[in-house]
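Numbering (this note's numbering), first residue to last: 4 to 137.
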Amino acid sequence: MKDPKRDISLGFTIIGALFVALLIKLCCFDIMIAEGESMRPTISSGRILFINKLAYGFRFPWSTAYTLRWAYPRIGDIIVFSSPQGTIAVKRCVQIEDGKYIIVLGENSEVSYDSRNYGPISADFVLGRVEGIR
Numbered sequence: 004m005k006d007p008k009r010d011i012s013l014g015f016t017i018i019g020a021l022f023v024a025l026l027i028k029l030c031c032f033d034i035m036i037a038e039g040e041s042m043r044p045t046i047s048s049g050r051i052l053f054i055n056k057l058a059y060g061f062r063f064p065w066s067t068a069y070t071l072r073w074a075y076p077r078i079g080d081i082i083v084f085s086s087p088q089g090t091i092a093v094k095r096c097v098q099i100e101d102g103k104y105i106i107v108l109g110e111n112s113e114v115s116y117d118s119r120n121y122g123p124i125s126a127d128f129v130l131g132r133v134e135g136i137r
């Protein structure tokens, strides 16, 4: 005969593990698939990107600014950010203005829609740094 307390305990363990996994995805790390050719040759469409959402600070998923910031993007970082068009974009940080605004460029300038089109972005728009490409 099954022990009902053990079944309930297993259920809570599974729910707890799913909750922790969701928190990690929302606040710490994420996996994305690249779309488009603006970052070729470094990132081609269809490549898997590993994103560190804690690279520059902590932010709640619903927040438009960092709750706690410990760093800013550096020149050369490949960052993920909310573009002025409201989409998620991946570009390389090439310049920092006043410590709060970032110039981002795609590596394939023929097709990239980047700071040459919409100007600098606020550091608060940055969602994370690309840590790995597969």
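By construction, the Cβ of each residue, glycine as well, lies at the ideal position given by its N, Cα and C atoms.
Under the three-state DSSP convention, the category residue i falls into
| i | result |
| --- | --- |
| Val97 | strand |
| Leu57 | coil |
| Ser12 | helix |
| Ile124 | strand |
| Ala68 | coil |
| Trp74 | Correcting the residue type first, residue 74 is Ala in the shown sequence and not Trp. Correct three-state label for Ala74: coil. |
Below-8 Å beta-carbon distance, residue i vs any chain D residue
| i | result |
| --- | --- |
| Asn111 | In summary, chain D is missing from the structure at hand, where a single protein chain is found. |
Residue interval of the alpha helix (DSSP H) (run including residue i)
| i | result |
| --- | --- |
| Tyr121 | Ser118 to Tyr121 |
Sheet register partners of residue i (DSSP bridge)
| i | result |
| --- | --- |
| Gly131 | Val83 |
Run of the beta strand (DSSP E) containing residue i, from where it starts to where it stops
| i | result |
| --- | --- |
| Phe32 | Phe32 to Ile36 |
| Tyr104 | Tyr104 to Leu108 |
Contacting residues, own chain, Cβ-Cβ under 7 Å from residue i (five flanking each side not counted)
| i | result |
| --- | --- |
| Lys56 | Cys30, Cys31, Phe32, Asp33, Leu130 and Gly131 |
| Glu38 | Ser48 |
C-alpha gap between residue i and residue j, whole angstroms
| i | j | result |
| --- | --- | --- |
| Ile46 | Val93 | 9 Å |
| Ser125 | Thr90 | 15 Å |
Own chain partners of residue i with C-beta closer than 8 Å, once the 5 adjacent residues on each side are dropped
| i | result |
| --- | --- |
| Ile78 | Cys96, Val97, Gln98 and Ile99 |
| Glu40 | Ser47, Ser48, Asn111 and Val114 |
Own chain residues within Cβ distance below 6 Å of residue i, not counting five before or after
| i | result |
| --- | --- |
| Ser80 | According to the sequence shown, residue 80 is Asp rather than Ser. Within the same chain, Asp80 has close Cβ partners Cys96 and Arg132. |
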